[in-house]
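Each remark here refers to the structure printed beneath this line.
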Amino acid sequence: MKSAIFSSAIAIFATLATAVPTAAPADIVARDEVKQVILSSAIVNIKEDAADTPLGVTYEAIVCRVNGKHNSQALVKFDFPDGLTGCKCKLDFAYPAQFSGTGEIQVFTIGDANIENATFNKRPFRDQFKGTFRVSGWGEAVVLDASGLTFDCPAKGAKAYEVVSQGDSNEVVWYAPGGGLRIDVL
């Protein structure tokens, strides 16, 4: 009896499997293939409430704003290896330690990768807007604005970015190098 039921179930599944349509290669959407991941090499938090105090390099990035003040931003440095000429790079964000409020953050390039002694009042200038993310879970962040997230990989050397809060009563915290802002080489 059991073997008859089992045989019938197998026959039904086999019939269903042959009826499932297969996707033609033209129907398959190619996903960006990540060749390499570049993790941050340094993080420096800069705080409005300690505007002239250098906080030094840390592994915990804190980006927040409360009621239009008490801003805390993260300067994030990456060391690009040799051999990326002709490749595309993409900023991405994942694996926060905690988040609250809107969970929205914006990323900008900054004018200098020497961030180790930066303060809120004395830091590299904010240059180009790269994009906006919404952190809403413990995995990959949602991209809200990808206008500058993908770019030509630079030559070997250090580049730095500033991560700022988008919206009030907002906080995003991550531990580097395992989480937070990263660069995918495509």
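FYI, in mature numbering (1 follows the signal peptide of the UniProt record, and there is no 0) the residues of the sequence shown are -19 to -1, 1 to 167. Just so it is clear, CB atoms sit at the ideal spot from N, CA and C, and this is done for glycine as well. Quantities reported herein were computed from a predicted structural model and do not represent experimental measurements.
Contacts around Asp63, its chain only, beta-carbon distance under 6 Å, and the 5 residues preceding and following it disregarded: For the purposes of this step, residue 63 is identified with residue 82 of the sequence shown, where counting begins at 1. Cβ neighbours of Asp63 beyond the five flanking positions: Lys137.
Asp108 (DSSP reduced to helix, strand or coil): Counting from 1 along the sequence shown, the entry for residue 108 is found at position 127. It is a strand residue.
For Ala136, three-class secondary structure by DSSP: As a first step, residue 136 is located in the sequence shown; it is residue number 155 there, counting from the start. Residue state, collapsed to three classes: coil.
Reduced DSSP category for Glu143 - H, G, I as helix; E, B as strand; rest coil: Counting from one through the sequence shown, the residue named residue 143 turns up at place 162. Note: Glu143 maps to strand in three-state DSSP.
Helix, strand or coil at Glu14 according to DSSP, with G and I counted as helix: The count along the sequence shown starts at 1 and reaches residue 14 at position 33. In this structure, Glu14 counts as coil in the three-state DSSP scheme.
Nearest-angstrom Cα separation, counted from Arg115 out to Arg46: Taking the sequence shown and counting its residues from 1, one reaches residue 46 at position 65. Taking the sequence shown and counting its residues from 1, one reaches residue 115 at position 134. Approximately 15 Å between the Cα atoms of the pair.
Range covered by the beta strand (DSSP E) that runs through Phe89: For this step, residue 89 is matched to residue 108 along the sequence shown. Unbroken beta strand (DSSP E) run through Phe89: Glu85 to Ile91.
Beta-carbon gap between Leu72 and Lys111 smaller than 8 Å: Taking the sequence shown and counting its residues from 1, one reaches residue 72 at position 91. Taking the sequence shown and counting its residues from 1, one reaches residue 111 at position 130. Closer than 8 Å, so yes.
Buried or exposed (CB count within 10 angstroms, at least 16 for buried), Trp119: Against the sequence shown, residue 119 aligns to sequence position 138. The residue is exposed, with fewer than 16 neighbouring Cβ atoms inside 10 Å.
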